[in-house]
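Chains as they are written, first to last, in this note's numbering: chain A, 62 to 329; chain B, 15 to 332.
Just so it is clear, CB atoms sit at the ideal spot from N, CA and C, and this is done for glycine as well.
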Amino acid sequence: MNAAALELVALPVRALRRGMVWWSIGLASMIALTMAFWPAFKGSRVIQQGLDMVPPALVQAFGLQDFLSPEGYLRGNLYAILVPLLLVLAAVSATSSQTAGEEAAGRLELYLAQPVDRRWLFLGRGIAVVVAVSVISMAVLVAQVVSDSIVDVHVDIGRLASTVVLSGLLALLHAAIGFAIAGFRARPSLVLATGTVIAIAGYLIAALFPLSDVLAPWRHLSPWDWALGGDPLLHAAEPWRYAALIIPAAGLAVLGVGAFGRRDVAAA
Amino acid sequence: MTSRVQPETGGDTVVRVEHLVKRYGTVEAVRGIDFEVLRGEVFGFLGPNGAGKSTTIRCLMGLLRPTAGRVTAFGLDTWTHGVAARRRIAYLPGELRLPDRLTTLELVATVGRLRGTFDPRRRDGLADRLQLDVRRPLRDLSSGNRRKVALLLAFLADADLLVLDEPTNGLDPLIQHEFLALVREARAAGTTVFLSSHVLSEVQRAADRVAVLQVGRVIAVGTVAELRGRARQRIEAWFDASPPAAELLALTGVVDATVDGRRFAATLVGPIQPLVDLLARHPVASMLVEDPDLDDAFMDLYAAHSVDAGTGAARERP
Chain A
62 MNAAALELVA
72 LPVRALRRGM
82 VWWSIGLASM
92 IALTMAFWPA
102 FKGSRVIQQG
112 LDMVPPALVQ
122 AFGLQDFLSP
132 EGYLRGNLYA
142 ILVPLLLVLA
152 AVSATSSQTA
162 GEEAAGRLEL
172 YLAQPVDRRW
182 LFLGRGIAVV
192 VAVSVISMAV
202 LVAQVVSDSI
212 VDVHVDIGRL
222 ASTVVLSGLL
232 ALLHAAIGFA
242 IAGFRARPSL
252 VLATGTVIAI
262 AGYLIAALFP
272 LSDVLAPWRH
282 LSPWDWALGG
292 DPLLHAAEPW
302 RYAALIIPAA
312 GLAVLGVGAF
322 GRRDVAAA
Chain B
15 MTSRVQPETG
25 GDTVVRVEHL
35 VKRYGTVEAV
45 RGIDFEVLRG
55 EVFGFLGPNG
65 AGKSTTIRCL
75 MGLLRPTAGR
85 VTAFGLDTWT
95 HGVAARRRIA
105 YLPGELRLPD
115 RLTTLELVAT
125 VGRLRGTFDP
135 RRRDGLADRL
145 QLDVRRPLRD
155 LSSGNRRKVA
165 LLLAFLADAD
175 LLVLDEPTNG
185 LDPLIQHEFL
195 ALVREARAAG
205 TTVFLSSHVL
215 SEVQRAADRV
225 AVLQVGRVIA
235 VGTVAELRGR
245 ARQRIEAWFD
255 ASPPAAELLA
265 LTGVVDATVD
275 GRRFAATLVG
285 PIQPLVDLLA
295 RHPVASMLVE
305 DPDLDDAFMD
315 LYAAHSVDAG
325 TGAARERP
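Following this line, the structure appears as structure tokens:
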């Protein structure tokens, strides 16, 4: 990779630096705070009695099964919804700002007027989002491991890492949807809205469809099911789950880069 | 858009615009224009806002894909071989949007890495001439100072072609003067300059040739002198005897003529030579010819081309 190609990645990474720090601090704080309540929840009969009154299907839908085990507590409070959804929001907003947002603001023109291939410039922005999600996911993992050790929770680190990686890949898949849209149109709000709405719809499909016998088989349409449907905190995730997130994300990235290379660059 | 194409080195044409059309949906911003920019010249690109200047320039920079026709720079199609073409082009955009968090120093280094090189001594020299503090974040700079940053980037690139879109917007007169000096120096060093502006005095002082755009069409191309030659001139002549009124009034291009005693006054449209020839055959005591400027030529050109409101097509006035 030459200096110009590196610069095309370094530029958006520098722009995302502050966001990466704040998202990392936010997620790490949320994890630390959640884990601080573990000693109070551990073995609580009152909570167990409460959960026993909830229909099993609903318990399953909201990831509350085995809630008083360490893995169940992590799943129910953090990794069933909150951490993956926040990672999705971080990834989609970073994509929106660094692609369609920068283009609509006219800030790509100065760089595109240099002797650089515009497809490389756009791809560089996608790589920067991958870097940002990796950094934030790493912060999540470190915060979880440190918090676990402080409150004496024993969760398999390999399974924890697998859960965080799958959550990060889920975020990148939604970022890739936004990236592909930005390849066609310089509309930051459209990128942000589409990525977020698809993420929420995907969660609802994965969580609620199993409640209906008719809809249950369709839950496999949701990327949330591909990523977290196997309960990776308890069971080693199958390799296809990674592939099911990475391959479409890569395909969408190629689509976005190709589209951006063929169209007019928006004027400020 | 790979960069493996060798730029053309021979020939006197640096930029060639051929039958260029650019449509945005149903709006036709550029309506089939042709012109050439020659090696080593300062080429003025004139027209009011909305005439299609920036659209043409953005096609030249490979930012827009022509709907029809093509633009070449150094013999390279700027859409299909944009990277190779832009290696020899430096560009100052009309709508200037800079990354706010960077300082000028950081931005210059970034652009330098994208272009492959830059000369720090030349950067400092240009910053001094433009009176620019390169250590301040760009978000703290006024619009005039941001324009100076863009000028610095354009002149630092050591390119064979400078494309400057409204380069002096927001600059104070002192820096405008420095800008014109930089343009002259670049031209003397063999750089071709494509200068888009609606500031006529600036183009008049800097340009060798000019193209005038109106609603997406080129309505005139020529040297500044040729365009000035088309402008209306106020003429007055005092004769030693009675003026040859009939001959004077019959001259092509003489309008609003009055003969008052020994004085003849008129407005001349077009070349002055026939009038000079006629006057040479008669005893003229003194005469006054107002020097036309590009402003007048420009206004005359626009007045001569009425615009069809329905189609936006420019029509020559009969």
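- DSSP, read as helix, strand or coil, puts R30(B) in strand.
- For M91(A), the enclosing alpha helix (DSSP H) stretches over residues 64-97.
- The way I'd put it, the segment 128-140 of chain B doesn't touch the segment 243-258 of chain B; fewer than three beta-carbon pairs between them come closer than 8 Å.
- Distance check between A43(B) and each of V122(B), R153(B), L78(B) places L78(B) closest, using alpha-carbon atoms only.
- 8 Å or more divides the Cβ of R160(B) from the Cβ of L166(B).
- Exclusion of the five residues before and after W84(A) leaves A151, I197 as the residues of its chain whose Cβ lies within less than 6 Å of its Cβ.
- A241(A) places its beta carbon 8 Å or farther from that of V194(A).
- Under the three-state reduction of DSSP output, D179(B) falls in the strand class.
- For S300(B), the enclosing beta strand (DSSP E) has its first and last residue at 298-303.
- V85(B) is bridged by DSSP to V31(B).
- Interface residue (Cβ-Cβ distance to chain B less than 8 Å): A64(A) is classified as such.
- Between the alpha carbons of R101(B) and G39(B) lies a gap of roughly 31 Å.
- Check the Cα spacing between S130(A) and each of R280(A), A329(A), S105(A), L182(A): the tightest is with S105(A).
- Interface annotation for the segment 163-179 of chain A against chain B: A166, G167, R168, E170, L171, Y172, L173, A174, Q175, P176, V177, D178, R179, criterion Cβ-Cβ distance under 8 Å.
- Here W279(A) is exposed, its C-beta having fewer than 16 other C-beta atoms within 10 Å.
- Runs of alpha helix (DSSP H) with 4 or more residues, each lying fully within the segment 70-121 of chain B, are found at 96-100, listed in chain order.
- Segment contact: the segment 183-194 of chain B against the segment 226-242 of chain B, fewer than three CB-CB distances shorter than 8 Å; contact not assigned.
- In the three-state DSSP reduction, V56(B) falls in the strand class (E or B).
- Separation of the CB atoms of L173(A) and G229(A) is rounded to 30 Å, and the pair is thereby denied contact status at 8 Å.
- A straight line joining the alpha-carbon of G111(A) with that of V120(A) spans about 11 Å.
- Under DSSP, T237(B) takes part in a beta bridge, and its partners are R223(B).
- Inclusion of A65(A) and L128(B) in the CB contact set at 8 Å is warranted, their separation being smaller than that value.
- Any Cβ of chain B closer than 8 Å to the Cβ of V318(A) would place that residue at the interface, and such an atom is absent.
- The C-beta distance from V31(B) to T206(B) rounds to 14 Å, too long to fall under 8 Å, and the pair is not in contact.
- Per DSSP, T160(A) lies in no alpha helix (DSSP H) segment and is marked neither H nor E.
- Annotated three-state conformation of T205(B) is coil, per DSSP.
- Exposure of A262(A) is indicated by the presence of fewer than 16 other C-beta atoms within 10 angstroms of its C-beta.
- At a cut-off of 8 Å between C-beta atoms, A189(A) does not count as an interface residue with respect to chain B.
- Sequence-distant partners of T224(A) (beyond 5 residues in either direction) whose C-beta falls short of 6 Å from its own C-beta, in its chain, are Y140, P293, L294.
- Linking D325(A) to R84(B) through their CA atoms gives a straight-line distance of about 15 Å.
- When only Cα atoms are considered, A247(A) and L121(B) end up about 24 Å apart.
- Each residue's CA atom was taken as its position, placing M199(A) and Y105(B) some 41 Å apart.
- Of the candidates R37(B), Q145(B), L90(B), L60(B), R37(B) places its Cα closest to the Cα of T81(B).
- Listed along chain A, the residues sitting closer than 7 Å to E109(B) by beta-carbon distance are G167, A328, A329.
- With the rule of 3 Cβ pairs closer than 8 Å, the segment 200-207 of chain A does not count as touching the segment 248-257 of chain A.
- Under the three-state reduction of DSSP, L282(B) is assigned to strand.
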